[in-house]
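If you read the protein sequences in the order shown, they are chains C and X.
Under our numbering, the first residue of the first sequence is numbered 1, with each subsequent residue one higher.
Under our numbering, the first residue of the second sequence is numbered 356, with each subsequent residue one higher.
We put the CB at the ideal spot given by N, CA and C, even for glycine.
One structure is given below, encoded as structure tokens.
There are 2 protein chains.
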Amino acid sequence: MKTIKDIAEEAKVSTGTVDRVIHKRPGVSPKTREKVQKLLDKYDFERNILASTLAFKKKYRIATLIPSVVSKNQFWYGPHLGMKSAAKEIQKYGVETHRFFFDQYNLKSYKQALDKILALKPNGIVFAPFFYNTSLAFVDKLKEEEIPCVFINIDLDTPNKLTYIGQNALQSGNLCGKMMNLITKPEEPIAILTSQKNVGRHLAIETRIKGFLNYFSDNVKDKQIKKIIIDDFDTDMIEKALSKELKSDKQIAGIFVPSSAIFMIANFLESRGLNNIRTIGYDTHLDNLEYIRKGSIDFAIDQNPFEQGYMGLKILTEYLLLNKTPKPKYSSAINMVTKENVDYFDVADTIEYAV
Amino acid sequence: MKTIKDIAEEAKVSTGTVDRVIHKRPGVSPKTREKVQKLLDKYDFERNILASTLAFKKKYRIATLIPSVVSKNQFWYGPHLGMKSAAKEIQKYGVETHRFFFDQYNLKSYKQALDKILALKPNGIVFAPFFYNTSLAFVDKLKEEEIPCVFINIDLDTPNKLTYIGQNALQSGNLCGKMMNLITKPEEPIAILTSQKNVGRHLAIETRIKGFLNYFSDNVKDKQIKKIIIDDFDTDMIEKALSKELKSDKQIAGIFVPSSAIFMIANFLESRGLNNIRTIGYDTHLDNLEYIRKGSIDFAIDQNPFEQGYMGLKILTEYLLLNKTPKPKYSSAINMVTKENVDYFDVADTIEYAV
DNA sequence: CTGAAAGCGCTTACAG
DNA sequence: CTGAAAGCGCTTACAG
Numbered sequence: 001m002k003t004i005k006d007i008a009e010e011a012k013v014s015t016g017t018v019d020r021v022i023h024k025r026p027g028v029s030p031k032t033r034e035k036v037q038k039l040l041d042k043y044d045f046e047r048n049i050l051a052s053t054l055a056f057k058k059k060y061r062i063a064t065l066i067p068s069v070v071s072k073n074q075f076w077y078g079p080h081l082g083m084k085s086a087a088k089e090i091q092k093y094g095v096e097t098h099r100f101f102f103d104q105y106n107l108k109s110y111k112q113a114l115d116k117i118l119a120l121k122p123n124g125i126v127f128a129p130f131f132y133n134t135s136l137a138f139v140d141k142l143k144e145e146e147i148p149c150v151f152i153n154i155d156l157d158t159p160n161k162l163t164y165i166g167q168n169a170l171q172s173g174n175l176c177g178k179m180m181n182l183i184t185k186p187e188e189p190i191a192i193l194t195s196q197k198n199v200g201r202h203l204a205i206e207t208r209i210k211g212f213l214n215y216f217s218d219n220v221k222d223k224q225i226k227k228i229i230i231d232d233f234d235t236d237m238i239e240k241a242l243s244k245e246l247k248s249d250k251q252i253a254g255i256f257v258p259s260s261a262i263f264m265i266a267n268f269l270e271s272r273g274l275n276n277i278r279t280i281g282y283d284t285h286l287d288n289l290e291y292i293r294k295g296s297i298d299f300a301i302d303q304n305p306f307e308q309g310y311m312g313l314k315i316l317t318e319y320l321l322l323n324k325t326p327k328p329k330y331s332s333a334i335n336m337v338t339k340e341n342v343d344y345f346d347v348a349d350t351i352e353y354a355v
Numbered sequence: 356m357k358t359i360k361d362i363a364e365e366a367k368v369s370t371g372t373v374d375r376v377i378h379k380r381p382g383v384s385p386k387t388r389e390k391v392q393k394l395l396d397k398y399d400f401e402r403n404i405l406a407s408t409l410a411f412k413k414k415y416r417i418a419t420l421i422p423s424v425v426s427k428n429q430f431w432y433g434p435h436l437g438m439k440s441a442a443k444e445i446q447k448y449g450v451e452t453h454r455f456f457f458d459q460y461n462l463k464s465y466k467q468a469l470d471k472i473l474a475l476k477p478n479g480i481v482f483a484p485f486f487y488n489t490s491l492a493f494v495d496k497l498k499e500e501e502i503p504c505v506f507i508n509i510d511l512d513t514p515n516k517l518t519y520i521g522q523n524a525l526q527s528g529n530l531c532g533k534m535m536n537l538i539t540k541p542e543e544p545i546a547i548l549t550s551q552k553n554v555g556r557h558l559a560i561e562t563r564i565k566g567f568l569n570y571f572s573d574n575v576k577d578k579q580i581k582k583i584i585i586d587d588f589d590t591d592m593i594e595k596a597l598s599k600e601l602k603s604d605k606q607i608a609g610i611f612v613p614s615s616a617i618f619m620i621a622n623f624l625e626s627r628g629l630n631n632i633r634t635i636g637y638d639t640h641l642d643n644l645e646y647i648r649k650g651s652i653d654f655a656i657d658q659n660p661f662e663q664g665y666m667g668l669k670i671l672t673e674y675l676l677l678n679k680t681p682k683p684k685y686s687s688a689i690n691m692v693t694k695e696n697v698d699y700f701d702v703a704d705t706i707e708y709a710v
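Below you can see the structure in the form of structure tokens.
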């Protein structure tokens, strides 16, 4: 492996000049530049990133923004851990990570966080763009200030993002449809249960439902599917909405919840001893893990929450430090979790490397 | 963040002495050692790994050994890619990776590889211990020479390993049982198809079958399960073994293959137009991906092959460089792959980070 | 037992 | 436009 010094000697220039050529910095005559560049190409020179970082004292600031993580029982604990892990790694390269949080049901708290981030003047941002319109306006502003941003978990259709990391909601819904079809009989009715509160706030939910319905329209004739919308996932509302269905003549045999709230339904069914009703939902935070382990949730879709956070920070760092342009989109896995493999989806078991 | 220089100044010693204390090297009086150690503890000193690597010129050699990867259509291509990716990362830290391969059906080629590895005198080894007895003897020898070793994919019950990274075969078989039960009707017979060639060579296969059978004995009454053993997975033998079953009165409705050879069965069934027979097997190499995508393989179990290779090298490196003792065992995921999520399991899409 | 000094490979402020 | 020199934080061979 050649070093800058080797190249400098062979080109009969100083190491400083070689460095200027490597980084395409000004202050080198075209002739010298060409001579050095040829040698760099000839030896396929790769600079030692360790030495480079050590000598290069510029610091980078990255801001991260996700819904507040008040306990480990939440989906967002996963991305949070992933970002913490990545932050520790990139700290070695002089990248400081500043964490911001907001209340995902409170637009005002979101806006406040965005203001704080702008005030920080970061070199880049990794965030989950909740609240469609506000987020779009924010992204345009970032564009003006030339601050690159990475979306995790939620995508927005805008050219002003560096990349998006998250799941294909349509396809994951489709898979839920397939599994629901497998665990219920053709003649048994099923229900989709969702909350009014998510409308306009989190786009993936509707897309998941669409994918779910697509499966049946594409593959199964005449499946009875009811759509039940409640105001919010609290015990009373669930009770109210479901007891009607359960008393009815044609009792539903399966419930699909296109969000991480599926554990609320599993809990309700358990408390009523209704273990003959099948359930499918999303995410593998602690609350869900518990019910999956008991079999009260039949299947849950995991979307690699840790990796979403981890990749977000790493990809942005490589863009800032190495000028590496990411792909326009990174699709997270669509993992099916059930009683027999649940032990391998606890985000707390994720490994962190120090090297 | 404190540096060695800061600590040295406060302790009124030289940086060399601080360095000796940090690394517990001899040549420091107990009194000085204690004084410095106290400051290190007080400030929770973490040495700058970049500077450390740059200054510390010792090189490490790691040997890796897996079955030869002659094409991308093989399970072992996954671990191979994972190791290549990790090798690139750890190269920055002065770790050279030397790759060795063997023919997994040829004990002699395995022994030859082991000899070559010993001749290299590596600082550590990452390998897949095929051939039970030979591997055990080899591991004992490594112990004598104080060369740490990491097992990937296949485990051996010996205290002389650093750690094992791979899947829990019993549980993955169990999950296959569950899925097979879902996709066939209770009264329909099913078959387990396996090859004589794997006996005594790859322990996981038998354990997977055990897990599969356990599912039925624990959860289902009177499922008819036939065990079919063929000499090898070639077209003629499959034809011979299956055509008998398919002509029989009670035709089998599902086939479980506890190895990556499931695509051979899918291919056979396809060629006969037998798309009413369900199939479940292992691994997501290209051959299988193709049949999963078409739906000719209903479910395959993925075990994160890339990560097995990647983790193996990283964990061994952290042990050698940072003295970080790994957990005794790392369980790989048990991922269920089917037509609707197959796109997210192509090992070729795995990301490599340069930072 | 301890310190001063050189060096790992790269970057930069300064002088010319 | 170019080079010599200092420095990033740590390690080590050498001198005492």
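- Query: Would a check of beta-carbon distances place residue 59 of chain C closer than 8 Å to chain X?
  - Reply: With respect to chain X, the C-beta atom of residue 59 of chain C has no partner C-beta closer than 8 Å.
- Determine the extent of the beta strand (DSSP E) in which residue 336 of chain C is found, giving its start and end residues. Its beta strand (DSSP E) spans residues 335–337.
- Determine the burial state of residue 102 of chain C: buried for a count of at least 16 other Cβ atoms within 10 Å of its Cβ, exposed for fewer. Residue 102 of chain C is buried by the Cβ-count criterion.
- Out of C/144, C/191, C/266 and C/118, state which residue places its alpha-carbon closest to the alpha-carbon of residue 366 of chain C. Because residue 366 of chain C is not part of the residues shown, which for chain C are 1 to 355, the question remains open.
- Item | Sequence-distant residues of its chain with Cβ nearer than 8 Å to residue 605 of chain X (five each side left out) | Cβ within range, chain order: 544 and 579.
- Task: Using a cut-off of 9 Å between C-beta atoms, extract the partners of residue 537 of chain X located in chain C.
- Result: Against residue 537 of chain X, the close residues of chain C are 179, 182 and 183, in the order they occur along the chain (beta-carbon pairs closer than 9 Å).
- Message: Here's the rule: buried if 16 or more other CB atoms are within 10 angstroms of the residue's CB, otherwise exposed. What is residue 674 of chain X?
- Response: With 16 or more other Cβ atoms within 10 Å, it is buried.
- Query: Given a limit of 8 Å on CB to CB distance, which residues of the stretch 674–693 of chain X reach chain C?
  - Reply: Contacts with chain C (Cβ-Cβ distance below 8 Å) from the stretch 674–693 of chain X involve 676, 677, 679, 685, 686, 687, 688, 689, 690, 691 and 693, listed in chain order.
- Task: Go through its chain and collect everything with a Cβ distance to residue 562 of chain X's Cβ below 6 Å, but skip five positions before and after it.
- Result: Excluding sequence neighbours, residue 562 of chain X sits near 524 and 525.
- Query: Residues of chain C with a CB under 7 Å from the CB of residue 647 of chain X: which are they?
  - Reply: Taking a Cβ-Cβ threshold of 7 Å, none of the residues of chain C is close to residue 647 of chain X; the smallest such distance is about 13 Å.
- Message: Does the structure place the stretch 123–131 of chain C close enough to the stretch 306–318 of chain C that three or more beta carbon pairs sit under 8 Å?
- Response: Contact holds: three or more Cβ-Cβ distances are below 8 Å.
- Item | Of the residues C/258, C/239 and C/283, the one placed nearest residue 270 of chain C, counting alpha carbons only | Among C/258, C/239 and C/283, the Cα nearest to that of residue 270 of chain C is on C/239.
- Message: Determine, for residue 610 of chain X, whether the minimum Cβ-Cβ distance to residues of chain C falls below 8 Å.
- Response: Answer no: the Cβ-Cβ gap between residue 610 of chain X and chain C never drops below 8 Å.
- Query: Of all Cβ atoms in chain C, is any one closer than 8 Å to the Cβ of residue 672 of chain X?
  - Reply: Closer than 8 Å to some Cβ of chain C, the Cβ of residue 672 of chain X qualifies, so yes.
- Message: Any contact between the stretch 107–116 of chain C and the stretch 281–289 of chain C? By contact I mean 3 or more CB pairs, one from each, below 8 Å.
- Response: As far as the Cβ criterion goes, the stretch 107–116 of chain C does not touch the stretch 281–289 of chain C, which means the pair count is below three.
- Task: Tell me whether residue 138 of chain C sits in a helix, a strand or coil according to DSSP, three-state version.
- Result: Of the three classes helix, strand and coil, the one that applies to residue 138 of chain C here is helix, per DSSP.
- Query: Along chain X, in chain order, which residues have C-beta atoms closer than 7 Å to that of residue 344 of chain C?
  - Reply: Result: 686, 688 and 689.
- Task: Go to residue 191 of chain C, then tell me how far its beta strand (DSSP E) extends in each direction, as first and last residue.
- Result: Going by DSSP, residue 191 of chain C is part of the beta strand (DSSP E) stretching over 190–195.
- May I ask you to report which of helix, strand or coil DSSP gives residue 542 of chain X? If DSSP states are grouped into helix, strand and coil, residue 542 of chain X belongs with coil.
- Message: I want to verify the contact list: residues of chain X whose CB lies under 8 Å from the CB of residue 279 of chain C, in sequence order.
- Response: By Cβ distance, chain X contributes nothing, its closest Cβ being about 15 Å from residue 279 of chain C, past 8 Å.
- Could I get the ranges of all uninterrupted beta strand (DSSP E) runs contained in the stretch 51–131 of chain C, with 3 residues as the minimum, in chain order? Those beta strand (DSSP E) runs which fall completely within the stretch 51–131 of chain C and span 3+ residues are 60–67, 95–102 and 124–127.
- Min CB distance residue 53 of chain C to chain X below 8 Å: Closer than 8 Å: yes.
- Message: Looking at residue 152 of chain C: is its Cβ nearer than 8 Å to the Cβ of residue 312 of chain C?
- Response: Against a cut-off of 8 Å, the Cβ pair of residue 312 of chain C and residue 152 of chain C comes out as a contact.
- Message: Using a Cβ-Cβ distance cut-off of 8 Å, determine whether residue 398 of chain X contacts chain C.
- Response: Taking 8 Å as the threshold, the shortest C-beta distance from residue 398 of chain X to chain C does not fall below it.
- Euclidean distance between Cα positions of residue 677 of chain X and residue 384 of chain X: If I take the Cα positions, the gap works out to 24 Å.
- Using alpha carbons as the reference points, say which of C/61, C/10, C/58 and C/120 lies closest to residue 37 of chain C. Comparing C-alpha distances from residue 37 of chain C to each of C/61, C/10, C/58 and C/120 shows the shortest one belongs to C/10.
- Message: Please list, in chain order, the residues of the stretch 519–531 of chain X that have any C-beta partner in chain C closer than 7 Å.
- Response: Closer than 7 Å at the C-beta level to chain C, one finds these residues of the stretch 519–531 of chain X: 526, 529 and 530.
- Can you find a CB in chain X that lies within less than 8 Å of the CB of residue 204 of chain C? Taking Cβ atoms only, chain X never reaches closer than 8 Å to residue 204 of chain C, which makes this a no.
- Message: By alpha-carbon positions, which one of X/664, X/444 and X/405 ends up nearest to residue 358 of chain X?
- Response: Looking only at X/664, X/444 and X/405, the smallest Cα-Cα distance to residue 358 of chain X is reached by X/405.
- Query: How many Å lie between residue 550 of chain X and residue 534 of chain X at the Cα?
  - Reply: If I take the Cα positions, the gap works out to 22 Å.
- Message: Is there a C-beta anywhere in chain C that falls below 8 Å from the one on residue 405 of chain X?
- Response: Residue 405 of chain X counts as touching chain C.
- N-terminal and C-terminal residue of the beta strand (DSSP E) that residue 22 of chain C is part of: Residue 22 of chain C -> not in any beta strand (DSSP E); alpha helix (DSSP H) instead, spanning 15–22.
- Query: CB residue 536 of chain X to CB residue 575 of chain X, shorter than 8 Å?
  - Reply: Here residue 536 of chain X is near residue 575 of chain X, since their CB atoms are less than 8 Å apart.
- Task: Label residue 584 of chain X either buried or exposed according to how many other C-beta atoms from any shown protein chain fall within 10 Å of its C-beta, with 16 as the threshold for buried.
- Result: By the Cβ neighbour-count rule, residue 584 of chain X is exposed, with fewer than 16 other Cβ atoms within 10 Å of its own.
- Do residue 602 of chain X and residue 460 of chain X have their C-beta atoms closer together than 8 Å? Cβ atoms of residue 602 of chain X and residue 460 of chain X: not closer than 8 Å.
- Task: For residue 165 of chain C, count neighbouring Cβ atoms within 10 angstroms of its own Cβ and tell me buried if that reaches 16, exposed if not.
- Result: Buried.
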